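Participant: Going line by line, the protein sequences match chains A and B.
When the letters of the first sequence are read in order and numbered with this note's numbering, they come out as residues 19 to 260.
When the letters of the second sequence are read in order and numbered with this note's numbering, they come out as residues 19 to 260.
Where is the CB? At the ideal position from N, CA and C, for every residue including glycine.
Computed from a predicted structure; not experimentally measured.
2 protein chains.
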Amino acid sequence: MKIDPNSSADLSVQIAQAIKDAIISGELIVDERLPSEAELSDHFQVSRPTVREALKRLAAQSLIRTQRGASGGAFVNRLSFEDAYSQQITTSTLLLSMNAVSFDTACEARYALERACAPLSAERRSADHLATMRAEIFRQGQPGLTDEAFCASDVAFHRALVDGAGNPVLSYQLAGAVEAMQPLMNMITFTARDREAITGLHSRIADAIEAGDGSAAVSGLQDLESETRKLASDVFAARAQR
Amino acid sequence: MKIDPNSSADLSVQIAQAIKDAIISGELIVDERLPSEAELSDHFQVSRPTVREALKRLAAQSLIRTQRGASGGAFVNRLSFEDAYSQQITTSTLLLSMNAVSFDTACEARYALERACAPLSAERRSADHLATMRAEIFRQGQPGLTDEAFCASDVAFHRALVDGAGNPVLSYQLAGAVEAMQPLMNMITFTARDREAITGLHSRIADAIEAGDGSAAVSGLQDLESETRKLASDVFAARAQR
DNA sequence: TGACATTTAAAAGTCTGACATTTAAAACTC
DNA sequence: GAGTTTTAAATGTCAGACTTTTAAATGTCA
Chain A
19 MKIDPNSSAD
29 LSVQIAQAIK
39 DAIISGELIV
49 DERLPSEAEL
59 SDHFQVSRPT
69 VREALKRLAA
79 QSLIRTQRGA
89 SGGAFVNRLS
99 FEDAYSQQIT
109 TSTLLLSMNA
119 VSFDTACEAR
129 YALERACAPL
139 SAERRSADHL
149 ATMRAEIFRQ
159 GQPGLTDEAF
169 CASDVAFHRA
179 LVDGAGNPVL
189 SYQLAGAVEA
199 MQPLMNMITF
209 TARDREAITG
219 LHSRIADAIE
229 AGDGSAAVSG
239 LQDLESETRK
249 LASDVFAARA
259 QR
Chain B
19 MKIDPNSSAD
29 LSVQIAQAIK
39 DAIISGELIV
49 DERLPSEAEL
59 SDHFQVSRPT
69 VREALKRLAA
79 QSLIRTQRGA
89 SGGAFVNRLS
99 FEDAYSQQIT
109 TSTLLLSMNA
119 VSFDTACEAR
129 YALERACAPL
139 SAERRSADHL
149 ATMRAEIFRQ
159 GQPGLTDEAF
169 CASDVAFHRA
179 LVDGAGNPVL
189 SYQLAGAVEA
199 MQPLMNMITF
209 TARDREAITG
219 LHSRIADAIE
229 AGDGSAAVSG
239 LQDLESETRK
249 LASDVFAARA
259 QR
């Protein structure tokens with residue numbers, strides 16, 4: 019681990035990069051303890067606060083975790099799917115909220131991803147996944163459900179559909195897309211007819227998944243995408259008019 | 019922006035979270051200047067190093083950028099797609115290199131995503147995207163190409179295919195999957211027959227995209243996935259034997 | 001008056017040294 | 001030998017000073 023003394027970049031950035039490279043290259047392996055802050059500051063010939071800033075940068079990316087006390091220190095973190103999820107969600111939420119992407123673009127990506135999962139899910143889903151989907155459909159049909167609860171149930175339904183594919187990479191990619199859209203979806207007021215249409219499509223998709231018919235599920239998702247975009251565009255039109 | 023004095027969490031974590039919340043909620047908008055470090059340390063009643071550690075955490079996530087000098091400071095960053103790309107790539111690379119996901123899982127996710135893009139790309143791709151694909155296919159047929167160069171060209175081909183869909187969210191999701199697999203792909207030695215098979219499939223896919231035939235492109239990708247997994251499994255088997 | 005050079009001040013970046021807090025391990029007691 | 005106390009190592013936090021960068025204000029001269 020070395021830094022370039024001639025570089026114009028901030029020292030804490032350079033040090034963070036050096037450690038990150040060491041982790042990615044395998045020089046530092048999972049759960050290995052990094053040298054203490056004092057040793058690092060000695061090694062890189064910088065002060066402890068500078069080393070600390072570098073470590074905080076890495077901690078923010080879940081590359082390391084720190085532990086206080088004797089035999090504490092910074093340890094290389096095994097990146098968990100949960101960490102990856104939450105990073106993905108933060109990034110996606112910001113992209114959407116800062117208008118770097120439109121709702122339509124996010125929606126298209128989301129359903130394209132779901133359609134990619136559908137055939138795998140039709141083939142592999144466990145009875146559990148299917149039961150979850152059915153339970154959410156039932157909940158969505160209950161009268162007196164708030165719009166937020168309806169949305170949450172919708173998310174749970176899609177979650178089960180995607181998880182059924184048994185591919186955690188796909189699950190985590192979708193988590194970002196779905197969660198990021200949540201705040202916008204929550205703004206939608208669902209009429210009884212809207213709910214009926216959506217729940218009907220959900221049933222159609224669940225039936226296809228149960229029958230192991232991937233292409234039927236894909237076509238159900240296709241229709242659901244149109245439905246969602248229609249609903250959203252109405253909301254945006256109303257909001258723009260005010 | 020407030021922090022809880024009774025919380026047991028580190029102050030810099032709390033402060034980072036408070037600022038992050040303010041950004042996500044829209045309380046702080048893009049390009050807005052945060053208070054100076056001195057003002058923040060005053061506001062939160064902590065020392066400047068603590069504030070700085072909090073800011074470094076946010077900077078590591080590209081939520082803010084800092085500028086030195088008069089009228090400098092920390093500014094809310096508009097998250098760019100490039101930032102999102104590189105975060106996605108780092109995360110995916112780590113997930114793969116730390117064995118949190120298998121090569122097969124990553125490969126499956128990658129091709130599922132690509133198949134999701136294919137119909138959109140068949141419909142929307144510009145002449146430019148198609149030309150890039152053709153150029154890369156030509157390059158892949160050149161004799162004397164190193165394995166690394168072949169791989170790089172392969173990535174460029176798929177990149178053009180996905181970008182043709184015109185959905186930046188899909189592009190950035192795939193960037194992670196493709197780039198993360200690169201180091202492993204580079205370990206593969208491609209025989210002349212392998213290259214011929216791959217290039218042939220690429221041609222088939224490009225033809226389908228040119229003709230606007232999404233489902234033909236999907237089936238080409240399906241075959242390419244089998245081919246890739248076969249090649250990779252041979253490499254892993256050889257490596258395991260040593 | 002206008003273009004260029006100079007000064008100035010604000011802000012982040014860095015350093016030193018100290019103290020507080022946490023925690024595991026060593027030492028000690030019964 | 002089990003439980004308690006002490007100890008030391010490590011991170012977390014603080015205070016204050018100095019350095020470097022940079023934009024804006026000021027000044028100078030044609």
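E214(A): which of I155(A), I47(A) and V69(A) sits nearest, CA to CA?
Facilitator: I155(A)
Participant: Please list the segments of the alpha helix (DSSP H) lying wholly inside the stretch 62–95 of chain A, counting only runs of 4 or more residues, in order along the chain.
Facilitator: 66–78
Participant: I want to verify the contact list: residues of chain B whose CB lies under 7 Å from the CB of S30(A), in sequence order.
Facilitator: K74
Participant: When the distance is taken between beta carbons, is A130(B) closer than 9 Å to A226(B)?
Facilitator: no
Participant: I'd like to confirm the pairing. Which residues does DSSP put opposite R51(B) in its beta bridges?
Facilitator: F93(B)
Participant: Label I47(B) either buried or exposed according to how many other C-beta atoms from any shown protein chain fall within 10 Å of its C-beta, with 16 as the threshold for buried.
Facilitator: Burial call: exposed.
Participant: Reducing DSSP to helix, strand and coil, say where P23(B) ends up.
Facilitator: coil
Participant: Measure the C-alpha to C-alpha separation of A152(B) and Q160(B) and round it to an integer number of angstroms.
Facilitator: Correcting the residue type first, residue 152(B) is Arg in the shown sequence and not Ala. One C-alpha to the other measures close to 13 Å.
Participant: Decide if the stretch 195–212 of chain B is in contact with the stretch 102–111 of chain B; the criterion is three or more beta carbon pairs, one per stretch, under 8 Å apart.
Facilitator: Short answer: they touch.
Participant: Would you say R70(A) reaches chain B, if we count a Cβ-Cβ gap shorter than 9 Å as a contact?
Facilitator: Among the CB atoms of chain B, one or more fall inside 9 Å of the CB of R70(A).
Participant: Using alpha carbons as the reference points, say which of E228(A), S25(A) and A27(A) lies closest to A145(A).
Facilitator: Closest option to A145(A), Cα to Cα, is E228(A).
Participant: For chain A, is any of its Cβ atoms less than 9 Å away from the one on S144(B)?
Facilitator: no
Participant: Could you tell me if N204(A) is buried or exposed, where buried requires 16 or more neighbouring beta carbons within 10 angstroms of its beta carbon?
Facilitator: N204(A) is exposed by the Cβ-count criterion.
Participant: Let me see if you follow: with CB-CB separation under 9 Å, is L219(B) close to chain A or not?
Facilitator: no
Participant: Under a CB-based cut-off of 9 Å, is V64(B) close to chain A?
Facilitator: At a cut-off of 9 Å between beta carbons, V64(B) makes no contact with chain A.
Participant: Closest to E126(A) by C-alpha separation, out of A134(B), E100(B), A124(B) and Y103(B), would be which residue?
Facilitator: A134(B)
Participant: So, is E132(A) buried or exposed, given that buried needs 16 or more other C-beta atoms within 10 angstroms?
Facilitator: Looking at its Cβ environment, which holds 16 or more other Cβ atoms inside 10 Å, E132(A) is buried.
Participant: Taking just the CA atoms, how far does R211(A) sit from G218(A)?
Facilitator: 10 Å
Participant: Taking buried to mean at least 16 other C-beta atoms within 10 Å of its own C-beta, is P201(A) buried or exposed?
Facilitator: Flag for P201(A) reads exposed.
Participant: Could you compute how far the alpha carbon of Q191(A) sits from the alpha carbon of A88(B)?
Facilitator: 41 Å
Participant: Kindly indicate if chain A contains any beta-carbon less than 9 Å away from that of C169(B).
Facilitator: no
Participant: Taking the beta carbon of E71(B) as the centre, do at least 16 other beta carbons fall within 10 Å, making it buried, or is it exposed?
Facilitator: buried
Participant: Alpha carbon to alpha carbon, how far is S54(B) from T84(A)?
Facilitator: 28 Å
Participant: Just to confirm, are L148(B) and A178(B) a CB contact at a threshold of 9 Å?
Facilitator: yes
Participant: Alpha helix (DSSP H) containing G218(B): first to last residue?
Facilitator: A210 to A229
Participant: Report yes if the CB atom of I186(B) is closer than 9 Å to the CB atom of F62(B), and no otherwise.
Facilitator: Rather than Ile, the amino acid found at residue 186(B) in this sequence is Pro. Contact flag unset, no.
Participant: Quick check on this structure: which residue in P137(B), D181(B) and T209(B) has the alpha carbon closest to the alpha carbon of L163(B)?
Facilitator: Shortest Cα-Cα distance from L163(B) to any of P137(B), D181(B) and T209(B) involves T209(B).
Participant: For a test of the three-state rule: what should DSSP assign to I42(B), helix, strand or coil?
Facilitator: helix
Participant: What does the Cβ neighbour count give for S59(A), buried or exposed, with the cut at 16 atoms within 10 Å?
Facilitator: buried
Participant: Hey, would you say S65(B) sits closer than 9 Å to Q105(B), going by beta carbons?
Facilitator: no
Participant: Figure out for me which residue from A224(A), R142(A) and A124(A) has the closest Cα to the Cα of G184(B).
Facilitator: A124(A)
Participant: Should G44(B) be flagged as near chain A, meaning a C-beta pair shorter than 9 Å?
Facilitator: yes
Participant: Can you give me the C-alpha to C-alpha distance between V31(A) and L76(B), rounded to a whole angstrom?
Facilitator: 13 Å
Participant: 9 Å is my cut-off, CB to CB: does A134(B) come that close to chain A?
Facilitator: yes
Participant: Give the interface partners of A140(A) over in chain B, defined as CB-CB distance under 9 Å, in chain order.
Facilitator: Neighbours of A140(A) in chain B, taken as residues at a C-beta separation under 9 Å, are lacking, since the least C-beta distance is about 13 Å.
Participant: Using a C-beta cutoff of 9 Å, does F99(A) count as contacting chain B?
Facilitator: yes
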